[in-house]
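Engineer: Numbers 234 to 449, taken from my numbering, label the letters of the sequence shown in order. This is the structure, below, for whatever I ask next.
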Amino acid sequence: MTEKTAESEVNWDELRPQLIKMGLELGPLIIFFIANARADIFVATAWFMGAMVVSLVLTWAILKKIAIMPLVTGAVVLVFGGLTLWLQDDTFIKMKPTITNSLFGAVLLGGLLFGHSLLKYVFGDVYKLRPEGWSKLTLNWGIFFFVLAILNEVVWRGSNAYFPNDPKAATDLWVAFKVWATMPLTVIFSISQVSLLSKYAPADEPKHVPPIVVES
């Protein structure tokens, strides 16, 4: 009698790069949180920018490729982080997640309007789905990115309104949300897509680790 063990159900060839990628993308956020706690948002932004560059370099060195989304996120971090430091106005770095998530959401949903499931071009080498599956996965991620954009706006503007005379407390609340809420929400959402991957995969397709897209 043969039974598949729990270990055999884990595709480590897929899981290992996902874990490395997630760790490299989460690293700058942790540095951002620590720098803000020990100093202020402007010092944290400078460290964040440097950590993003290091993260992209390490991603290329270890995985030999960089996905388009981390590249776009890194570029936006450098632009909005630079504006934050130059103008000494933290509004730019606080709006950065709104801009990047809205951009990703608009691109994915806009692609669907023109009949293109753009996530297939990003993950098609790993996941084999029927066209309907790619459409639904792209739709779900597009909507989720817009949800993250709205949440970011609510939290950073709401924290400013709640602490009108204490900008440090308002910033600390937003940073905590960015680091400790956005990532768990993204992981939970990614796991929720497993059933979709299974439903629209070919019958002989093995189980896959769900894609996790981290917006730093």
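Even glycine gets a Cβ: it sits at the ideal position worked out from N, Cα and C.
Using the beta-carbon count (16 or more within 10 Å), is LYS432 buried or exposed?
Structural biologist: Burial call: exposed.
Engineer: Count the other C-beta atoms from every protein chain shown that fall within 10 angstroms of the C-beta of LEU320, then say buried if there are 16 or more, exposed otherwise.
Structural biologist: With fewer than 16 Cβ atoms within 10 Å of its Cβ, LEU320 is classed as exposed.
Engineer: Scan the region 272-350 and note each continuous beta strand (DSSP E) run of 3 residues or more that stays entirely inside, going in chain order.
Structural biologist: Counting whole runs of 3 or more residues, the region 272-350 contains no beta strand (DSSP E) stretch at all.
Engineer: Evaluate SER423 with the Cβ neighbour count: other Cβ atoms within 10 Å of its Cβ, from every protein chain shown; 16 or more gives buried, anything less gives exposed.
Structural biologist: So SER423 counts as buried.
Engineer: For a quick check, are the C-beta atoms of PHE325 and THR333 less than 7 Å apart?
Structural biologist: No.
Engineer: Output needed for VAL309: all residues of its chain with C-beta closer than 7 Å, excluding positions within five of it in sequence on either side, in chain order.
Structural biologist: Answer for VAL309: LYS329, ILE332 and THR333, listed in chain order.
Engineer: For a test of the three-state rule: what should DSSP assign to ARG249, helix, strand or coil?
Structural biologist: If DSSP states are grouped into helix, strand and coil, ARG249 belongs with the helices.
Engineer: Would LYS401 be called buried (16 or more neighbouring beta carbons within 10 Å of its own) or exposed?
Structural biologist: The residue in question, LYS401, is exposed, as its Cβ has fewer than 16 Cβ neighbours within 10 Å.
Engineer: Is GLY307 closer than 7 Å to MET285 when the C-beta atoms are compared?
Structural biologist: Going by C-beta atoms, MET285 is nearer than 7 Å to GLY307.
Engineer: Residues in the same chain with beta-carbon distance under 7 Å from ILE295, minus the five sequence neighbours each way, listed in chain order, please.
Structural biologist: Excluding sequence neighbours, ILE295 sits near ILE253.
Engineer: Does PHE396 come out as helix, strand or coil in the three-state DSSP assignment?
Structural biologist: Here PHE396 sits in coil by DSSP.
Engineer: With a 10 Å radius around its C-beta and 16 neighbouring C-beta atoms as the bar for buried, classify PHE337 as buried or exposed.
Structural biologist: PHE337 comes out buried.
Engineer: So which of ILE274, VAL408, PRO364 and GLN426 has the shortest CA-CA distance to GLY314?
Structural biologist: Of ILE274, VAL408, PRO364 and GLN426, the residue nearest in Cα terms is ILE274.
Engineer: Drop a sphere of 10 angstroms on the beta-carbon of LYS362, count the other beta-carbons inside from all chains shown, and report buried for 16 or more, exposed for fewer.
Structural biologist: Residue 362 is actually Leu in this sequence, not Lys. LEU362 should be labelled buried.
Engineer: Leaving out five residues before and five after GLY256 in sequence, what residues of the same chain have Cβ atoms less than 8 Å from its Cβ?
Structural biologist: Cβ within range, chain order: n/a, list empty.
Engineer: Please classify GLY366 as buried or exposed, where buried requires at least 16 neighbouring CB atoms within 10 angstroms.
Structural biologist: GLY366 should be labelled buried.
Engineer: Count the C-beta pairs between the region 337-346 and the region 406-418 that are closer than 8 Å, then say yes if the count reaches three, no if not.
Structural biologist: The region 337-346 is not in contact with the region 406-418.
Engineer: May I ask which residues mark the beginning and end of the alpha helix (DSSP H) holding LEU429?
Structural biologist: Its alpha helix (DSSP H) spans residues 427-432.
Engineer: Would you kindly work out how many angstroms separate the C-alpha atoms of LYS369 and GLY260, rounded to a whole number?
Structural biologist: Between LYS369 and GLY260, the C-alpha separation is close to 30 Å.
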